[in-house]
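Heads up: the sequence lines are chains A and B, in that order.
Sequential numbering of the first sequence, starting at 1, is according to our numbering.
Sequential numbering of the second sequence, starting at 1001, is according to our numbering.
Virtual Cβ for every residue (Gly too), placed ideally from N, Cα, C.
Here the structure is a predicted model, which is why all the values come from computation and not from measurement.
Remarks on the structure that follows.
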Amino acid sequence: GAGVSQSPSNKVTEKGKDVELRCDPISGHTALYWYRQSLGQGLEFLIYFQGNSAPDKSGLPSDRFSAERTGGSVSTLTIQRTQQEDSAVYLCASSLYPSGLSYEQYFGPGTRLTVT
Amino acid sequence: QQPVQSPQAVILREGEDAVINCSSSKALYSVHWYRQKHGEAPVFLMILLKGGEQKGHEKISASFNEKKQQSSLYLTASQLSYSGTYFCGTAYTGGGNKLTFGTGTQLKVEL
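Written as structure tokens, this is what we have:
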């Protein structure tokens, strides 16, 4: 079946502009995660959605970052007033159930964001 | 707090073995291992749960020492396809369902 998809694959934006990144999880997966990966670095947790529960936003680096998940499926990560330090690959992952238990995450190909 | 991985990088000849370690300062509920090849998304390898349950890759094994809050990934008879960056992701007891990933171990297998 189809895996996790993300769009766009690449995004170049000017400093100060807003951007929206989209994630389509695997159908039926209840958990959805957003991560940020800077060049040569590990995966930095941003936000986690699980079903209809309130999202875990504890990883969002500033109030310029927000995310929503509509209808328990598609998610959008929005970065307002982008800064150069926001440049990174943004990865989305979905899981059948919450990963903290025993379920693997399936990652999308990522969106490479470059802020000029 | 981010788990610490060691070594940061390792180069192997095909057929050699390697061990990658992941240490946490907090009590762990589960440890997940992923491999990421350059320019690609991370791919699931293994999950180890508190209590000893494991699930994952056939040719890669791992251990989880709950007392020491450590996990090790064992790569035996390495193949060229094993090259990539290995990340451990940890779920903390009482820490919800998110994973906190380590900084990664770069593994390169050469002929």
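Would you mind reading off the limits of the beta strand (DSSP E) that contains residue i?
i                       : result
residue 88 of chain A   : 88-95
residue 44 of chain A   : 44-50
residue 1005 of chain B : 1004-1006
residue 1023 of chain B : 1018-1023
residue 1065 of chain B : 1060-1065
residue 1070 of chain B : 1070-1075
residue 1009 of chain B : 1009-1013
Bridge partners for residue i per DSSP, in chain order?
i                       : result
residue 77 of chain A   : A/21, A/67
residue 10 of chain A   : A/112
residue 105 of chain A  : Beta-bridge pairing links residue 105 of chain A to no other residue.
residue 1032 of chain B : B/1047, B/1089
residue 85 of chain A   : Looking at the DSSP assignment, residue 85 of chain A forms no beta bridge with any residue, so it has no partner.
residue 1105 of chain B : B/1086
residue 1054 of chain B : B/1048
residue 31 of chain A   : A/50, A/95
residue 39 of chain A   : Partner(s): none; residue 39 of chain A has no beta bridge.
residue 5 of chain A    : A/24
residue 1110 of chain B : B/1013
For residue i, go through chain B and note every residue whose CB falls closer than 8 Å to its CB, in chain order.
i                     : result
residue 90 of chain A : Neighbours of residue 90 of chain A on chain B: none; closest Cβ ~12 Å, over 8 Å.
residue 72 of chain A : None at all; the shortest Cβ gap to chain B is about 16 Å.
residue 96 of chain A : What residue 96 of chain A touches in chain B: nothing, since even the nearest Cβ is about 12 Å away.
Give the C-beta separation of residue i and residue j to the nearest angstrom, bearing in mind that I take them to be a contact with Cβ-Cβ under 8 Å.
i                       : j                       : result
residue 1013 of chain B : residue 1086 of chain B : Not quite, the Cβ-Cβ distance comes to about 18 Å (not below 8 Å), so this is no contact.
residue 32 of chain A   : residue 69 of chain A   : 6 Å
residue 50 of chain A   : residue 1097 of chain B : 7 Å
residue 4 of chain A    : residue 79 of chain A   : That belief does not hold up - the Cβ atoms of residue 4 of chain A and residue 79 of chain A are roughly 20 Å apart, past 8 Å.
residue 1076 of chain B : residue 1008 of chain B : Going by Cβ atoms, the distance from residue 1076 of chain B to residue 1008 of chain B rounds to 21 Å, so no, they are not a contact pair.
residue 107 of chain A  : residue 93 of chain A   : 5 Å
residue 1003 of chain B : residue 1102 of chain B : 4 Å
residue 6 of chain A    : residue 109 of chain A  : 6 Å
Can you list the residues of chain A that residue i reaches, using a CB-CB cut of under 7 Å?
i                       : result
residue 1047 of chain B : 102, 104
residue 1052 of chain B : Within chain A, no residue comes near residue 1052 of chain B; the closest Cβ sits about 12 Å away, beyond 7 Å.
residue 1041 of chain B : 91, 107, 108, 109, 110
Can you find a C-beta in chain D that's less than 8 Å from the C-beta of residue i?
i                     : result
residue 56 of chain A : Here chain D cannot be found, since the structure's protein chains are A and B.
Give the interface partners of residue i over in chain B, defined as CB-CB distance under 9 Å, in chain order.
i                     : result
residue 41 of chain A : 1103, 1104
| query | In chain order, what residues of the stretch 1054-1088 of chain B put their CB closer than 9 Å to some CB of chain A? | reply | In summary, the residues of the stretch 1054-1088 of chain B whose CB is separated from some CB of chain A by less than 9 Å are 1055, 1056, 1085, 1087, in the order they occur in the chain.
| task | Taking only beta carbons into account, state which residues of the stretch 45-60 of chain A come closer than 8 Å to chain B, listed in chain order. | result | Taking 8 Å as the Cβ-Cβ cut-off against chain B, the residues of the stretch 45-60 of chain A that qualify are 45, 48, 50, 56, 58, 59.
| said: Using a Cβ-Cβ cutoff of 8 Å, what residues of the stretch 9-38 of chain A are near chain B? List them in chain order. | reply: Contact annotation: in the stretch 9-38 of chain A, residues whose CB is within less than 8 Å of a CB in chain B are 31, 33, 35.
| query | What residues in the stretch 1091-1103 of chain B have a beta carbon less than 9 Å from any beta carbon of chain A? | reply | Listed in sequence order: 1091, 1092, 1095, 1096, 1097, 1098, 1099, 1100, 1101, 1102, 1103.
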